[in-house]
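Chemist: Structure incoming, see below.
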Amino acid sequence: MTKLDSKIPDGPLDKKWSQYKASQNLVNPANKRKLDIIVVGTGLAGASAAASLAEMGFKVKSFCYQDSPRRAHSIAAQGGINAAKNYPNDGDSIYRLFYDTIKGGDYRSREANVYRLAEVSNNIIDQCVAQGVPFAREYGGTLSNRSFGGALVSRTFYARGQTGQQLLLGAYQAQSRQVKLGNIEMYPRMEMMNLVMVDGKARGIIARDVITGKMKRFSAHAVVLATGGYGNVFFLSTMAMGANVSAAWQSYKKGAAFGNPCYVQIHPTCIPVHGESQSKLTLMSESLRNDGRIWVPKHKEDAERIRKGEITPQDLPEEGRDYYLERRYPAFGNLVPRDVASRAAKERCDAGFGVGTGLAVYLDFKDAIERLGKDTIEAKYGNLFQMYEKITDDNPYETPMMIYPAIHYSMGGLWVDYELQTTIPGLFATGESNFSDHGANRLGASALMQGLADGYFVLPYTIQNYLSSEINTPRFDTDIKEFDEAEKETLERLQKLMNIKGSKSVDSFHKRLGKIMWEYVGMARNKEGLNKAVTEIGKLRDEFYSDLFIPGEFEDLNPELQKASRLADFLELGELMAKDASNREESCGGHFREEYQTEEGEALRDDKKYNYVATWHFRGDSKAPELIKEPLVFEEIEVKQRNYK
Amino acid sequence: MDLKLKIWRQKSASERGAFVDYELHDISPDSSFLEMLDVLNEELIGTGEEPVVFDHDCREGICGTCGMYINGRPHGPDDLITVCQLHMRKFNDGDTIVIEPWRARAFPVIKDLMVDRSAFDKLIQESGYVSVNTGNAPDANSIPVEKEKADLSMDAATCIGCGACVAACKNASAMLFVSAKVSHLALLPQGRVEAKRRASNMVAKMDALGFGNCTNTGACEAECPKGIKLTNISRLNREYFKASLF
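The listed protein sequences derive, respectively, from chains A and B.
According to the numbering used here, the first sequence is numbered sequentially starting from 392.
According to the numbering used here, the second sequence is numbered sequentially starting from 571.
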C-alpha cells in the first residue's frame, strides 16, 4: 500500500512556509545549469513556473498543445485575482483570506497549503504590476479593487473583464524573455502523451507533434504538470475545446494518485444552452453579481407566460419577482459562493420557475443602471455585455441577462504534498491540475491566485528540495529502454483507436459521455444515479472501442485522432469521478448528494466520516482503484457548517 | 438555414490547395460559425472524408486561436468579434459563404484553414516584455500610474494575437500587433525603462520575419476584433523615432 505523506512542516501555521524555506535544500547556481525541468502546459501555473525556474538558472523545456503558449485557457478568466493587500482598508488580512478560502472550500482543503496561498497572494500582485500588467486604477493612481463571492471585503484586483488574459500575457512575456535568453526551449503544438519513469522517478515524457503526428522523446530531471482541469469530461463546459485530462490521467496510470476527482465547480452565471450543435458554454464573470440582481418570477404562471413569449421580464412588476438569493441569504445576497448560487438556480428551475427554455434565471442590471448610470456600468462590464449580446442577440442594458449554471473548474486533480510533488518522485503538479487548495469549492478570483502562487512563488522553491538530490545525475539520452517502452505503449494505444474503423465520430461519443456526466455526476447526485453512471460509462466505453471511426492518417495532422485519444482518457476519468462521488456519502461544496441535505436544502457534511482527501491509486485496467485517505487536520480553524445567511 | 460553402482545402504546406464546394442544411441561426463548421465536419466524417482543419480553442473570443477569411473579411462580416463569436444569424438562408485561411508570407498555411503564426511569438521574444525577474518587486502601489494612461495601456494590451491585422493588410504588415505591445508597455512607468530598446528591436525583427511595411491604409484597425487603434502605430513610430535619434 502506498503511504501518503503530505509533508506539512511542523510549527505554527503562520510560520510553516517561512520555516520551510529557511530549512529546505537548495541547488547552487553552477548545478542549476546542469538540471533540466520539463514543464507541460503554459497557462498561468505553467508559464510562471517556466519563467521563474529559467530565471533561477535551470534549463526548462516548455510544452503546449496550442500553436502559441499565449493561448492557454487561463487567458479566458474574466473577473479578477484575489490578494490580501487590504488596500481598500476594509479589514482584510492574510488570515481572513485564508479563513474565507477554507470556509468557501467547505472545510475540505489543507490548512497549511491554503495559508501559504494567502501569504504569497500579495507578492503576486507586486510581481504582476512590475511586469506591466495594466490593472484597473483609481484616479489617484493606486490599484482598484472589487468584491467577489464568498467574501465580505473587496480584495479582487482586475483588468476590466480580461484579468486572466493580462496576467497570462505577463507570464507569457516573462517566459518569452527566457526563450530569447536560451534558458527555455519552447515546444508549441506538442501534446504530452505519456510519462517516462526511470528507476521509479519521473524522467521524461513522450509527446506527439500535432503537425506531423510523430512521437518525440524528451528527458529531464523533473517533470512539472501544469495541464489544467478536466471539465471537458462533461463535453459542454466553459473550458477551451482542447482542454483535456490526458497528461494527468496517463500519470495517474503510472502511479500518481488522483485526489478528490468528484469535486468539480459549477459556475452559476453562464449563458444557457441553445441547442444540440452547441460546442461550449460561455461564462459571464462572477463580477457581474456585484451589480446584477438574480431573480425569477414569483408565480409559476408568470414564468410560463414568459417562456411562451406572452410577456417580457420588464412587464413583471417588482412584487412579481423573487430575488431568491437575497431572500435566502440576506448577508451575502447575490454574492454567495458559486456552489450555493448554482444549486439555488437549479432548485428554482426544477420547481418550474425558470425562464427562457426553462433552464435559465435572470441577472438584472436595471437597478444598478438607475443607481450608477449606464456609463458606469459600461465602463465596468462593457466587454461582457458586448459578448453577451453577440452570442444571444439580446441587449442586457435593456433586458435582463439569462444565465444558467455550467461546468467551470475542477477542484480535484493529481494529489500533491506540501511541496506540490505527486506520489511519483520527480513529478510535480501545479495550478488547476493538482487537487490542493480549494477543497470542495473554489472561490471566485482564486484560480488565478493559485496558478500564479504555485508557479511564481511555491514550486520554484519546493522543487529544489527534490532536485538537490539529483545534482549528480548527468543529462541523459532518450535512447534507453524506458523511453522505447513508453513510446511503444503510446503508439499501440493510438493505433488501437485508428484501427477500430467503426462508424461513429469522436464527438458523438463525447456528447453522450457529457450527458451521462451532467445527468448523474453533475449538480445533484445520488447513489442510484452514480451507480447508473458507472454502468452507462462502461457501456459507452465498450461501444467507443468497437464503433469509433477516425478518418485521415496516423502520422499526420489529425484532429480527430487527437480528440479520440483525449476522449479515451475522459471515458476512464468519468467512471472514477462517479465512484468517488458515490464513496463520499455527504454533501460538501460542489459535491451535492441529494440524500445528505439540511431541511432548508443546504449541503450537509459528515465531518466524522468524510473529513479526508480521497486519493485514488491505479492498480491496472481490470482492477478497481485503491482508495487511500489523507485525513484533514484543522488546528487553526473551527470546523462548522457554512453559513452565508 | 441552408448554406453553400466554398472552403479552401490544402493537404499540406507543400501541396497546392483549391476551393471545394459543400452544401449544408438545417443550420440553426443561433449556432456559432465554428459550430456550423463542426456540423459540416461531422457530415464529412460520416462519409469517410477528412474534416476541414481549422484552429480554434476557447470559443469565446479571447485566446486568439481561431481566424479565417469569410467572404473576404478576416473573422467575417460582423465587427469587433472573432470567428468563434460570429453567429449564423448574421447570414441569410441560401447564402454562399467563401472561407479561406489567413494569407501572409509570415503565416504559411499548414493545412486547410490552419496557418503558422509562430512569427508573432518570435516578435514578443524580441523585447516584448519588461525585464524583471520573479521576486523582489516593490509594493504594487509604490508607483502610482495615471488612470488615463493605465486605461490606454489596457486598450492596447487587449490584443489577442490572432493575426487578423496582418491578414487584412495588403502588405501583410505586423505594425498593429507590434505597436499594441510597444504601447501597452511604453505607457506604464514599469515598461518605460526599456521603451526605446523594445521599439527598435521589435521593428527590426518584424522586417527580418518577412512582414511588410505599413502604408497607413487602416485595414488592420478596421478588421481588428478587439478594436486596437491606429494611434498605437503613431505611438510606435514616435518611440522608434526617439530610439533612433537619442
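Every residue gets a Cβ at the ideal spot worked out from N, C-alpha and C, and that includes glycine.
From a predicted model like this one, the values you see are computed outputs, not experimental measurements.
Just to confirm before moving on: does the CB-CB distance between A:Tyr621 and A:Ser801 stay below 8 Å?
Modeler: Along the first sequence, one-based indexing puts residue 621 of chain A at 230. Along the first sequence, one-based indexing puts residue 801 of chain A at 410. Their beta carbons are under 8 Å apart, which means A:Tyr621 touches A:Ser801 by this criterion.
Chemist: Tell me which residues share the same chain as A:Val1024 and place their Cβ nearer than 7 Å to its Cβ, disregarding the 5 neighbours each side in the sequence.
Modeler: Translated into positions along the first sequence, residue 1024 of chain A becomes position 633. Cβ within range, chain order: n/a, list empty.
Chemist: Determine whether the Cβ of B:Met724 lies closer than 8 Å to any Cβ atom of chain A.
Modeler: Here the question's residue 724 of chain B lines up with position 154 in the second sequence. For B:Met724, the answer is yes, since a Cβ of chain A falls inside 8 Å of its Cβ.
Chemist: Residues of chain A with a CB under 7 Å from the CB of B:Asn711: which are they?
Modeler: In the second sequence, the residue the question calls residue 711 of chain B occupies position 141. Result: Tyr478, Thr533, Leu534.
Chemist: Give me the Cβ distance between A:Asn623 and A:Asn635, rounded to the nearest whole Å; I'm assuming they're in contact under 8 Å.
Modeler: Within the first sequence, residue 623 of chain A is the residue found at index 232, counting from 1. Within the first sequence, residue 635 of chain A is the residue found at index 244, counting from 1. Yes, A:Asn623 and A:Asn635 are in contact; Cβ-Cβ is about 6 Å, under 8 Å.
Chemist: Comparing alpha-carbon positions, which option in A:Glu576, A:Cys979, A:Ser610, A:Ala959 lies nearest A:Phe874?
Modeler: For the purposes of this step, residue 874 of chain A is identified with residue 483 of the first sequence, where counting begins at 1. The candidate whose alpha carbon is nearest that of A:Phe874 is A:Ser610.
Chemist: In this structure, what does DSSP give as the bridge partners for A:Cys661?
Modeler: Residue 661 of chain A sits at position 270 when you count from the first residue of the first sequence. Per DSSP, A:Leu674, A:Tyr795.
Chemist: Should B:Phe811 go down as buried or exposed, given a rule of 16 or more other Cβ atoms within 10 Å for buried?
Modeler: By 1-based counting over the second sequence, the position of residue 811 of chain B is 241. Exposed, by the Cβ-count rule.
Chemist: Beta-carbon of A:Thr673 versus every beta-carbon of chain B: anything under 8 Å?
Modeler: Numbered from its first residue, the first sequence carries residue 673 of chain A at position 282. For A:Thr673, the answer is yes, since a Cβ of chain B falls inside 8 Å of its Cβ.
Chemist: Going by Cα to Cα distance, which pick from B:Glu764, B:Asn807, B:Val623 is closest to B:Thr785?
Modeler: One-based indexing of the second sequence puts residue 785 of chain B at position 215. It is B:Asn807 whose Cα lies nearest to the Cα of B:Thr785.
Chemist: Assign B:Glu809 to one of two classes, buried (16 or more other C-beta atoms within 10 Å of its C-beta) or exposed (fewer than that).
Modeler: Counting from 1 along the second sequence, the entry for residue 809 of chain B is found at position 239. By the neighbour-count rule (16 or more Cβ atoms within 10 Å), B:Glu809 is buried.
Chemist: Pick from A:Leu616, A:Pro460, A:Pro579: whose alpha carbon is nearest that of A:Gly595?
Modeler: In the first sequence, the residue the question calls residue 595 of chain A occupies position 204. Cα-wise, what sits closest to A:Gly595 is A:Leu616.
Chemist: Express the C-alpha separation of A:Asn513 and A:Gly929 in angstroms, rounding to a whole number.
Modeler: One-based indexing of the first sequence puts residue 929 of chain A at position 538. One-based indexing of the first sequence puts residue 513 of chain A at position 122. The alpha-carbon atoms of A:Gly929 and A:Asn513 are separated by roughly 46 Å.
Chemist: State the CB to CB distance for the pair A:Tyr714 and A:Leu750, rounded to an integer number of angstroms; the pair is presumed to be in contact (CB under 8 Å).
Modeler: Within the first sequence, numbered from 1, the residue matching residue 714 of chain A stands at position 323. Within the first sequence, numbered from 1, the residue matching residue 750 of chain A stands at position 359. Actually they do not touch by this definition, with Cβ atoms about 19 Å apart.
Chemist: Would you check if the segment 505–525 of chain A and the segment 831–846 of chain A touch, i.e. whether three or more CB-CB distances between them fall below 8 Å?
Modeler: yes
Chemist: Name, in chain order, the residues that DSSP records as bridge partners for B:Tyr639.
Modeler: Within the second sequence, residue 639 of chain B is the residue found at index 69, counting from 1. According to DSSP, B:Tyr639 bridges with B:Pro644, B:Glu670.
Chemist: So which residues on chain B does A:Lys781 lean against when the C-beta distance must stay under 9 Å?
Modeler: As a working note, residue 781 of chain A is residue 390 in the first sequence. Those are Gly631, Asp648, Leu650, Ile651, Gln655, Leu656, His657, listed as they occur along chain B.
Chemist: Let me see if you follow: with CB-CB separation under 8 Å, is A:Pro942 close to chain B or not?
Modeler: Within the first sequence, the letter at position 551 stands for residue 942 of chain A. Chain B contact via Cβ: present.
Chemist: Would you say B:Gln818 lies against chain A (beta-carbon separation less than 8 Å)?
Modeler: Residue 818 of chain B is absent from the structure shown; chain B starts at 571 and stops at 816.
Chemist: Does the beta-carbon distance from A:Gly830 to A:Gly496 come in below 8 Å?
Modeler: What you label residue 830 of chain A is simply residue 439 of the first sequence in a count that begins at 1. What you label residue 496 of chain A is simply residue 105 of the first sequence in a count that begins at 1. In contact: A:Gly830 and A:Gly496 (Cβ atoms closer than 8 Å).
Chemist: Can you give me the C-alpha to C-alpha distance between B:Ala750 and A:Glu780, rounded to a whole angstrom?
Modeler: Against the second sequence, residue 750 of chain B aligns to sequence position 180. Against the first sequence, residue 780 of chain A aligns to sequence position 389. Those two C-alpha atoms are separated by around 26 Å.
Chemist: Taking 8 Å as the cut-off, does the segment 1001–1015 of chain A touch the segment 635–654 of chain B (at least 3 CB pairs, one atom from each stretch)?
Modeler: no
Chemist: In the DSSP assignment, find the alpha helix (DSSP H) that holds A:Trp640 and state where it starts and stops.
Modeler: For this step, residue 640 of chain A is matched to residue 249 along the first sequence. Start and end: 637–644.
Chemist: Tell whether a beta-carbon distance below 8 Å holds between B:Asp649 and B:Cys636.
Modeler: Locating residue 649 of chain B in the second sequence gives position 79, where the first residue counts as 1. Locating residue 636 of chain B in the second sequence gives position 66, where the first residue counts as 1. Result no, Cβ atoms of B:Asp649 and B:Cys636 do not sit closer than 8 Å.
Chemist: Could you name the residues of chain A that B:Tyr699 contacts, counting a contact when the two beta carbons are closer than 7 Å?
Modeler: The residue labelled residue 699 of chain B in the question sits at position 129 within the second sequence. Under the 7 Å cutoff, chain A gives Gln564, Ala565, Ser567, Arg568.
Chemist: From A:Lys887 to A:Gly893, what distance separates their C-alpha atoms?
Modeler: As a position in the first sequence, residue 887 of chain A is number 496, starting the count at 1. As a position in the first sequence, residue 893 of chain A is number 502, starting the count at 1. Roughly 12 Å between the two C-alpha positions.
Chemist: What does the alpha-carbon distance come out to for the pair B:Pro795 and B:Thr652?
Modeler: Here residue 795 of chain B corresponds to residue number 225 of the second sequence, with the count starting at 1. Here residue 652 of chain B corresponds to residue number 82 of the second sequence, with the count starting at 1. The straight-line gap from Cα to Cα measures roughly 6 Å.
Chemist: Residue range of the alpha helix (DSSP H) that A:Trp806 falls in?
Modeler: In the first sequence, counting from the first residue as 1, residue 806 of chain A sits at position 415. Unbroken run through A:Trp806: none, as it is neither H nor E.
Chemist: I'd like the ranges of any beta strand (DSSP E) spanning at least 3 consecutive residues and lying wholly in the segment 403–431 of chain A.
Modeler: 427–431
Chemist: Across the segment 862–876 of chain A and the segment 579–592 of chain A, are there enough close Cβ pairs to call them in contact, namely three or more that are closer than 8 Å?
Modeler: yes
Chemist: List the residues of chain A that B:His754 touches, going by C-beta distances under 8 Å, in chain order.
Modeler: Counting from 1 along the second sequence, the entry for residue 754 of chain B is found at position 184. The answer, in chain order, is Gly523, Pro525.
Chemist: Pair every Cβ in the segment 665–684 of chain A with every Cβ in the segment 934–942 of chain A, then say whether three or more of these pairs are closer than 8 Å.
Modeler: no
Chemist: Work out the CA separation of A:Val505 and A:Ile1085 for me, nearest whole Å.
Modeler: Any property of residue 1085 of chain A remains undetermined from this structure, which presents chain A solely from 392 to 1036.
Chemist: Report the residue from A:Glu985, A:Ile891, A:Gly747, A:Asp960 whose alpha carbon sits nearest the alpha carbon of A:Arg734.
Modeler: In the first sequence, residue 734 of chain A corresponds to position 343, counting from 1. Nearest C-alpha to A:Arg734: A:Glu985.
Chemist: Bridge partners of B:Glu593, per DSSP?
Modeler: Looking up residue 593 of chain B in the second sequence gives position 23. B:Glu593 pairs with B:Lys574.
Chemist: Buried or exposed: A:Pro865, going by 16 or more other Cβ atoms within 10 Å of its Cβ?
Modeler: On the first sequence, position 474 is the one that residue 865 of chain A refers to. Exposed.
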